[in-house]
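Using the numbering used here, read the sequence shown as starting at 1 and increasing by one per residue.
Cβ atoms here follow ideal geometry from the backbone N, Cα and C, with glycine treated the same way.
What you are looking at is a predicted structure, and each value in this text was computed from that prediction instead of being measured.
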Amino acid sequence: MQRWRGLEDVPGDWGRSVVTIGSYDGVHRGHQLIMGRAVQRARELGLPSVVVTFDPHPSEVVRPGSHPPLLSAHHRRAELVAELDVDALLILPFTSEFSRLTPSEFIRTVLVDGLHAKLVVEGPNFRFGHKAAGDVDFLSALGLKYDYELEVVDLFVRGTAGAGEPFSSSLTRRLIAEGDVAGAAEVLGRPHRVEGVVVRGAQRGRELGFPTANVETLPHTAIPADGVYAGWLHVEGEAMPAAISVGTNPTFDGTARTVEAYAIDRVGLDLYGLHVAVDFLAYLRGMERFDTVEALLERMAVDVKRARELVDAADTPHS
């Protein structure tokens, strides 16, 4: 898959293409439907498929400080898009100037002059242009002028997550914030992932016999609710079963909120400075304050046993 950063990276001899545009944070199952349809139609037309997304999230430019928690880092989003057999990913820098493009200017700049769109595939709620004034009806109408067609795909997949609410990035964020990582995985089609570099913490886990990787997460990451989880710690291509703690370590009067992963049954790991990923499979319990270290250790042993059982019964996600 070709990856472009800005319209200036699009090859000068780029011909007609099939395009879909969106924030596509998380690349959840609804997003996968749209991208999958774009790829299918591109194959039928003998044209390349292009996914267009933005950096930073448009809301951070339009309403500074309102950046939603991110479901996927940009490099991870690119990996997920590539898995759908998309031919090219265009990440558009979302600047104040870009945000002021009218819907007509947006279409001409991105779809017509930039990507020479023959077909545009979108969800029914797609909005674009200054103050999100453009919609699919406007997009379709200008297709007559600029010689492209529009296909609208219903992305509202439903399941048990969120009591049957249509799958969306906002639903996924809410489920994660509530600690319902199983529900989030249903929407995403895979476990929710948090990434970052392993940094030195209080090293209390090592002293207690449960050495953990203290993950310094990327900015704006969607982090699950405080609690203990089962999942995987991904290190250099290997997925290790893990018990994961999210919170402030109340037993030790902690104040900083951390994500720590204990690689089950692994000894002597030195992960400091490495970029790792943590996948959340299941919620085990809420964060608790224990009266004694011994009580904490007893509960941690139970947590690790349960995490091992759940991970062993699940399909291991790829790194």
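(message) Short of 7 Å in beta carbon distance, which residues of its chain neighbour threonine 172, apart from the five on each side in sequence? Order them along the chain.
(response) Along the sequence shown, one-based indexing puts residue 172 at 172. So the qualifying residues of the chain are Gly26, His28, Leu71, Ala184, Val187 and Leu188.
(message) Helix, strand or coil for isoleucine 34? Go by DSSP, reduced to three states.
(response) Counting from one through the sequence shown, the residue named residue 34 turns up at place 34. In the structure shown, isoleucine 34 sits in a helix (DSSP, three-state: H, G or I).
(request) Output the residue ranges of the beta strand (DSSP E) runs that lie fully inside the stretch 218-272 and measure 3 residues or longer, sorted by chain position. (result) Segments of the beta strand (DSSP E) lying fully in the stretch 218-272: 227-235, 238-247 and 258-263.
(message) Could you check whether phenylalanine 167 and arginine 158 sit closer than 8 Å to each other, using their CB atoms as the reference points?
(response) The residue labelled residue 158 in the question sits at position 158 within the sequence shown. The residue labelled residue 167 in the question sits at position 167 within the sequence shown. The answer is yes: Cβ separation under 8 Å.
(message) Tell me which residues share the same chain as arginine 3 and place their Cβ nearer than 7 Å to its Cβ, disregarding the 5 neighbours each side in the sequence.
(response) Taking the sequence shown and counting its residues from 1, one reaches residue 3 at position 3. Its chain contains Ala78 and Leu89 as the residues whose beta carbon lies nearer than 7 Å to that of arginine 3, once the 5 sequence neighbours on both sides are disregarded; these appear in chain order.
(request) Could you tell me the boundaries of the beta strand (DSSP E) in which alanine 88 lies? (result) Locating residue 88 in the sequence shown gives position 88, counting from the first residue. Note, alanine 88: beta strand (DSSP E), 88-93.
(message) Along the chain, where does the beta strand (DSSP E) containing threonine 20 start, and where does it finish?
(response) For the purposes of this step, residue 20 is taken as the residue at position 20 of the sequence shown. From DSSP, the beta strand (DSSP E) with threonine 20 extends over 17-21.
(request) Report yes or no: do three or more beta-carbon pairs, one from the stretch 42-55 and one from the stretch 189-196, lie closer than 8 Å? (result) Between the stretch 42-55 and the stretch 189-196 there are fewer than three inter-stretch CB-CB distances shorter than 8 Å, so the stretches are not counted as touching.
(message) So, for histidine 116: in the same chain, excluding its five sequence neighbours on each side, which residues have a beta-carbon less than 8 Å away from its beta-carbon?
(response) For the purposes of this step, residue 116 is identified with residue 116 of the sequence shown, where counting begins at 1. Once the five neighbours on either side are set aside, the close Cβ partners of histidine 116 are Trp14, Gly15, Arg16 and Ser17.
(message) For glutamine 320 and leucine 84, which I take to be in contact (beta-carbon distance under 8 Å), what is that distance rounded to the nearest angstrom?
(response) With the chain covering 1 to 319 only, the question about residue 320 has no answer from this structure.
(request) Starting from glutamate 294, follow its DSSP beta bridges and name the residues at the other end. (result) Counted from its first residue, the sequence shown places residue 294 at position 294. BP columns for glutamate 294 are empty, so no partner.
(message) Mapping the DSSP letters down to three states, classify glutamate 309 as helix, strand or coil.
(response) Start at 1 with the first residue of the sequence shown, and residue 309 comes out as number 309. Three-state DSSP puts glutamate 309 in a helix.
(message) Does phenylalanine 106 come out as helix, strand or coil in the three-state DSSP assignment?
(response) For the purposes of this step, residue 106 is taken as the residue at position 106 of the sequence shown. In this structure, phenylalanine 106 counts as helix in the three-state DSSP scheme.
(message) Using a Cβ-Cβ cutoff of less than 7 Å, which residues in the same chain neighbour valine 39 once the five nearest sequence positions on both sides are dropped?
(response) Your numbering for residue 39 matches position 39 in the sequence shown. Closer than 7 Å at the Cβ level, and outside the excluded window around valine 39, lie Ser49, Leu84, Asp85 and Val86.
(message) Need the endpoints of the alpha helix (DSSP H) that tyrosine 146 sits in, please.
(response) Locating residue 146 in the sequence shown gives position 146, where the first residue counts as 1. Boundaries of the alpha helix (DSSP H) harbouring tyrosine 146: 136-146, taken from the DSSP string.
(message) Can you look up glycine 286 in the DSSP assignment and give me helix, strand or coil?
(response) Looking up residue 286 in the sequence shown gives position 286. Reduced to three states, the DSSP call for glycine 286 is coil.
(request) May I ask you to report which of helix, strand or coil DSSP gives threonine 172? (result) Taking the first residue of the sequence shown as 1, we reach residue 172 at position 172. The answer is helix: DSSP assigns threonine 172 an H, G or I state.
(request) Thinking glutamate 122 and isoleucine 21 are a contact (beta carbons under 8 Å), I'd like their distance in whole angstroms, please. (result) Sequence index remark: in the sequence shown, residue 122 carries index 122 (1-based). Sequence index remark: in the sequence shown, residue 21 carries index 21 (1-based). The C-beta distance from glutamate 122 to isoleucine 21 rounds to 7 Å, short enough to fall under 8 Å.
(request) Could you tell me if glycine 103 is buried or exposed, where buried requires 16 or more neighbouring beta carbons within 10 angstroms of its beta carbon? (result) Position 103 of the sequence shown, counting from 1, holds the residue named residue 103. A quick correction: the sequence has proline, not glycine, at residue 103. Around the beta carbon of proline 103, a 10 Å sphere encloses 16 or more other beta carbons of the protein chains shown; the residue is thus reported as buried.
(request) Report, in whole angstroms, the separation of the C-beta atoms of tyrosine 229 and valine 276, which I expect to be a contact under 8 Å. (result) Walking along the sequence shown from the start, residue 229 turns up at place 229. Walking along the sequence shown from the start, residue 276 turns up at place 276. Not confirmed; about 15 Å, so no contact.
(message) Check for me: the beta strand (DSSP E) holding arginine 193 runs from which residue to which?
(response) Taking the sequence shown and counting its residues from 1, one reaches residue 193 at position 193. From DSSP, the beta strand (DSSP E) with arginine 193 extends over 192-199.
(request) Specify the secondary structure class of serine 96 as computed by DSSP and reduced to three states. (result) What you label residue 96 is simply residue 96 of the sequence shown in a count that begins at 1. In this structure, serine 96 counts as helix in the three-state DSSP scheme.
(message) Is the separation between the beta-carbon of tyrosine 272 and that of glycine 227 shorter than 8 Å?
(response) The residue labelled residue 272 in the question sits at position 272 within the sequence shown. The residue labelled residue 227 in the question sits at position 227 within the sequence shown. No; because the gap between Cβ atoms is not below 8 Å, this pair is not in contact.
(request) Would you kindly check if the distance between the Cβ of valine 311 and the Cβ of proline 241 is under 8 Å? (result) As a first step, residue 241 is located in the sequence shown; it is residue number 241 there, counting from the start. As a first step, residue 311 is located in the sequence shown; it is residue number 311 there, counting from the start. Taking 8 Å as the Cβ cut-off, proline 241 and valine 311 qualify as a contacting pair.
(request) Spell out the partners DSSP gives arginine 76 in its beta bridges. (result) Looking up residue 76 in the sequence shown gives position 76. None; arginine 76 has no bridge partner.
(request) Put arginine 3 into one of helix, strand or coil per three-state DSSP. (result) Along the sequence shown, read from residue 1 onward, the residue named residue 3 stands at position 3. Here arginine 3 sits in strand by DSSP.
(message) If you follow the beta strand (DSSP E) that valine 52 is in, where does it begin and where does it stop?
(response) Here the question's residue 52 lines up with position 52 in the sequence shown. According to the DSSP assignment, valine 52 belongs to the beta strand (DSSP E) that extends over 49-55.
(message) Rounded to the nearest angstrom, what separates arginine 37 and leucine 144 at their Cα positions?
(response) The residue given as residue 37 occupies position 37 in the sequence shown. The residue given as residue 144 occupies position 144 in the sequence shown. Taking the straight line joining both Cα atoms gives about 22 Å.
(message) Under DSSP, the beta strand (DSSP E) around alanine 117 begins and ends at which residues?
(response) The residue given as residue 117 occupies position 117 in the sequence shown. Unbroken beta strand (DSSP E) run through alanine 117: 117-122.
(message) At a cut-off of 7 Å, would you count arginine 299 as near the ligand FAD, judging by its Cβ distance to the nearest heavy atom?
(response) The ligand FAD is absent from the structure shown, which contains no ligand whatsoever.
(request) Taking all protein chains shown into account, decide if glycine 196 is buried (16 or more other Cβ within 10 angstroms of its Cβ) or exposed. (result) To locate residue 196, count along the sequence shown from 1; it is residue 196. When all chains shown are included, glycine 196 counts as buried.
(message) Does the CB of leucine 90 have a neighbour CB from chain B at under 8 Å?
(response) The question asks about chain B, but that chain is absent: this structure has only one protein chain.
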